[in-house]
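To keep things clear, I will list the structure first and then write my remarks on it.
2 protein chains.
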Amino acid sequence: MKKYNIAVVGATGMVGNMMRQVLEERNLPIENIYFMSSFRSAGTKIKFMGSEYIVEELLENSFDKPIDIALFSAGGGTSAKFSPIAASKGCVVIDNSSTWRMDAKVPLIVPEVNPEDVEWNNGIIANPNCSTTQAVVALKPLHDAYKIKRIIYTTFQAVSGAGMSGYKDLENGLKGEEPQKFSYPIAGNVIPHIDVFEESGYTKEEIKLVNETKKIMHDDSLRITATTVRVPVFNGHSESINIEFEKSYDIAELKKLLQNAPGIIVQDDPANNVYPMPITASGKDETFVGRIRRDDTVENGLNIWVVADNIRKGAATNAVQIAEELIKRWSK
Amino acid sequence: MKKYNIAVVGATGMVGNMMRQVLEERNLPIENIYFMSSFRSAGTKIKFMGSEYIVEELLENSFDKPIDIALFSAGGGTSAKFSPIAASKGCVVIDNSSTWRMDAKVPLIVPEVNPEDVEWNNGIIANPNCSTTQAVVALKPLHDAYKIKRIIYTTFQAVSGAGMSGYKDLENGLKGEEPQKFSYPIAGNVIPHIDVFEESGYTKEEIKLVNETKKIMHDDSLRITATTVRVPVFNGHSESINIEFEKSYDIAELKKLLQNAPGIIVQDDPANNVYPMPITASGKDETFVGRIRRDDTVENGLNIWVVADNIRKGAATNAVQIAEELIKRWSK
């Protein structure tokens, strides 16, 4: 079997670390692996499949060596500069920042939803925002069957979504320390503010959720609104999603559709207190769906509750799955 | 000025304690005050306006003495038994349990919304569910101006809403202890489950929110759906509310309406990170409204974010305000 050279860029961050772990777990056909970071973290030692690697500094010549796939989680600025360099050398970048997501020349991919979009990449593939990824995994089978007209998202987002510094803000906040990352204490609080505010009164996080959902689902006719909220949860995003369908549905059939859809585990047995929660979803690669119930206030309405590990499915796992889609096609 | 005899029933619980505190703060014209509880807590000493009181056991003859108003926060069973006894002796009960709320003969009151309903009481007035009260304070001026067609509630509810034992579950959970009150750990988690599940898949909390909103707003034509979620916040409920109006609106005018409405403080300056949060609403009697923005996915759509202290406005303060409405009418 053909093996590939893989790089992880931003290897020492929260998502970069998880990318390394998921690459190990899923046992990709790797020939050589490279870990890269900014000057600040270069030199860090990293274990991978039993061997020790030294994190190298990301430089303009880093992609002169043959690299097939680079998983980037190094922030928008780094991606804007280095993704085109890597791509120009024949490497395919799978980028976790928001830089390329809405670029019409860049596919935005969730493998359960639109894996075929890897085929038209020009050397850069965007990994969606964490809150979008889990949502579209749950929505795609429903959209295919009943055609979604309108979506109202309300999110409960974990601090790990803001990286190591977000995580530390909750950890330290629980000991009474002042926040460093968030505008306000997150311990014992909820903050209806993720990413920066736009003129419209919506945050960029809310706008990302709206636009990325449309792009991944290939449907600009979707009407979507969102309220995104940070909650004092270490890891695992939860989403309350209200949906209006074009077509009528049978609730038992709809649940079966979700049960049979890729990447989804239905946890929906209220009588036995079975429903998705961050503490049970954290550490898993699947998207968990529950509280599935008809919303009678509109024709063909539905309420669902969707939870996933935002660092795994929301970032690292999804990026590695995209790499797998590439490899599957290259190995044919 | 005429003075009144007041009783607080369930005086040692979280809401009962706050009722006492709010009665002090708002300086009601009190002649005699009585604190009552179950056998278990009877004998407890309580300070009120500088004097010490001994909590007496709630008995069938407790209302033989002349009591004008009894603020009940003693649970459904106690209210079902003792409210009619108190009422039969000429006392007006303001009850915080869910027992009487949907009884057609019992008014359900939020003084900013339907104070006139105190006039048709038959000795029992119901205090709404905490999540309902703050919602209708925010929705009433909007309903009056633009006529609401549909409401989608998603709540972020504090552990104090589950009383002292809910509060302790978070406190102890943060130290790694197992939950006693909730079905799962609430520290570092969110639980999409408040009160018990009905056959429909909705929880009683969600159904309360729907039905009580209609009753208080005097409008059964309202279409309302809800998802209620427990979050690891000690005190202060937050609500993401999506609204569809019958009539068109101007967003600046709508904000002004809210600013001028009773009991509301608008906190809506995203550019300066000003929005309502539980840590800033806790300890206050007002309902805080922010993140006010048009939802363009439907004609005349709106998203708002509403936060209030669920023990104060959601329970104790609202009950005392109802008492004030009674006293205002009696003193004419």
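Top line first, the protein sequences correspond to chains A and B.
For the first sequence, the numbering used here assigns the number 440 to the initial residue and increments by one for each residue that follows.
For the second sequence, the numbering used here assigns the number 440 to the initial residue and increments by one for each residue that follows.
Where is the CB? At the ideal position from N, CA and C, for every residue including glycine.
Model, not experiment: these values are computed from the prediction.
What residue from the options has the CA that sits closest to residue i's CA?
i       : options                               : result
S622(B) : I564(A), K694(A), H632(A) and P709(A) : P709(A)
T736(A) : G482(A), F684(A) and A758(A)          : F684(A)
Y641(A) : G529(A), Q596(A), D583(A) and T667(A) : T667(A)
L696(A) : Y714(A), A577(A), K686(A) and T594(A) : A577(A)
A626(B) : P618(A), C569(A) and V672(A)          : V672(A)
V655(A) : V552(A), G615(A), I743(A) and L497(A) : Note that residue 655(A) corresponds to Ile in the displayed sequence, not to Val. The option with the nearest alpha carbon to I655(A) is V552(A).
E638(A) : I731(B), D659(B), V454(B) and I469(B) : I731(B)
A597(A) : L609(A), I590(A), K588(A) and Q760(A) : L609(A)
V713(A) : Y606(B), V575(B) and F636(B)          : F636(B)
D534(B) : A543(B), D507(B), P567(B) and D503(B) : P567(B)
G452(A) : S527(A), K520(A) and G605(A)          : G605(A)
N742(B) : E725(B), L693(B) and I766(B)          : L693(B)
E645(A) : I590(A), K614(A) and T726(A)          : I590(A)
M440(A) : E725(A), K643(A) and N466(A)          : N466(A)
I690(B) : L581(B), N561(B), E470(B) and T483(B) : L581(B)
D507(A) : K643(A), G516(A), E499(A) and E470(A) : E470(A)
G515(A) : S536(A), Q460(A) and G740(A)          : S536(A)
How close, in whole Å, do the beta carbons of residue i and residue j come, if the pair is a contact with beta carbons under 8 Å?
i       : j       : result
N674(B) : P631(B) : With a Cβ gap of about 20 Å, N674(B) and P631(B) do not count as contacting.
V557(B) : I548(B) : 6 Å
R662(B) : V629(B) : Between V629(B) and R662(B) the Cβ distance is about 26 Å, and since that is not below 8 Å, they are no contact.
K723(A) : R768(A) : With 8 Å as the limit, K723(A) and R768(A) do not qualify as a contact, their Cβ atoms being about 27 Å apart.
T538(A) : S570(A) : The pair is not a contact, with the Cβ atoms about 17 Å apart (cut-off 8 Å).
G729(B) : Q573(B) : Their Cβ separation, rounded to whole angstroms, is 13 Å, which puts G729(B) and Q573(B) out of contact at 8 Å.
A747(B) : H676(B) : 6 Å
I761(A) : P550(A) : 6 Å
V759(A) : M458(A) : 7 Å
N749(A) : G612(A) : That pair is no contact at about 19 Å.
V531(A) : S522(A) : Their Cβ separation, rounded to whole angstroms, is 10 Å, which puts V531(A) and S522(A) out of contact at 8 Å.
W766(B) : P468(B) : It should be noted that the sequence gives Ile, not Trp, for residue 766(B). Contact holds; Cβ gap of about 7 Å.
To the nearest angstrom, how far is the alpha carbon of residue i from that of residue j?
i       : j       : result
S512(A) : A565(A) : 11 Å
T664(A) : N681(A) : 10 Å
A525(A) : L648(A) : 28 Å
A450(A) : K771(A) : 30 Å
K579(A) : P546(B) : 46 Å
S721(B) : T756(B) : 13 Å
A586(A) : K686(A) : A small fix is needed here, since residue 586(A) is Lys in this sequence, not Ala. Going from the Cα of K586(A) to the Cα of K686(A) covers about 6 Å.
Y592(A) : S679(A) : 6 Å
F478(B) : G602(B) : 19 Å
A700(A) : N456(A) : 28 Å
G529(B) : P505(B) : 8 Å
Q698(A) : D583(B) : 44 Å
E463(A) : F502(A) : 22 Å
I493(B) : A481(B) : 8 Å
E764(B) : E617(B) : 43 Å
N711(A) : S518(B) : 29 Å
N650(A) : S660(A) : 11 Å
R733(B) : T652(A) : 20 Å
G615(A) : T719(B) : 16 Å
A543(A) : K520(A) : 18 Å
E496(B) : S527(B) : 19 Å
M541(A) : W559(A) : 15 Å
K588(A) : E738(A) : 11 Å
V745(A) : D707(A) : 11 Å
E491(B) : K442(B) : 20 Å
T726(A) : Q619(A) : 31 Å
Q460(B) : K607(B) : 21 Å
Please report whether the beta-carbon of residue i lies at a distance below 8 Å from any beta-carbon of chain C.
i       : result
D734(A) : The displayed structure is made up of protein chains A and B, and chain C is not among them.
Legend entry - Interface residues of the stretch 614-633 of chain A facing chain B [CB-CB below 8 Å]: Residues passing the 8 Å Cβ filter: S622, Y623, P624, G627, N628, V629, I630, P631 and H632.
Inset, instruction - Kindly confirm or deny that the stretch 485-496 of chain B and the stretch 454-474 of chain B touch, where touching means at least three C-beta pairs closer than 8 Å. - result: yes
Legend entry - chain B contacts from the stretch 699-728 of chain A (Cβ-Cβ distance under 7 Å): P709, A710, N712, Y714, M716, P717 and I718
Inset, instruction - May I ask you to verify whether the stretch 495-515 of chain A touches the stretch 446-455 of chain A, counting CB pairs closer than 8 Å and requiring at least 3? - result: yes
Inset, instruction - For the stretch 639-665 of chain B, enumerate the residues whose C-beta is nearer than 7 Å to any C-beta of chain A, in chain order. - result: Within the stretch 639-665 of chain B, the qualifying residues are S639, G640, Y641, R662, I663 and T664.
Legend entry - Under 7 Å (Cβ pairs) to chain A, residues found in the stretch 582-593 of chain B: R589, I591 and T593
Legend entry - Residues, ordered as in the chain, of the stretch 741-760 of chain B that lie near chain A by beta-carbon distance below 8 Å: N742 and W744
Inset, instruction - Note down, in chain order, all residues in the stretch 665-693 of chain B with a beta-carbon under 8 Å from any beta-carbon belonging to chain A. - result: Those residues of the stretch 665-693 of chain B that come within reach of chain A (Cβ to Cβ, closer than 8 Å) are T666, V668, V670, P671, V672, F673, S677, S679 and N681.
Inset, instruction - Using a Cβ-Cβ cut-off of less than 9 Å, give me the residues of the stretch 548-582 of chain A that come near chain B, in sequence order. - result: The stretch 548-582 of chain A vs chain B, Cβ under 9 Å: nothing.
Inset, instruction - Closer than 9 Å, Cβ to Cβ, to anything on chain B: give me those residues from the stretch 506-522 of chain A, in chain order. - result: none
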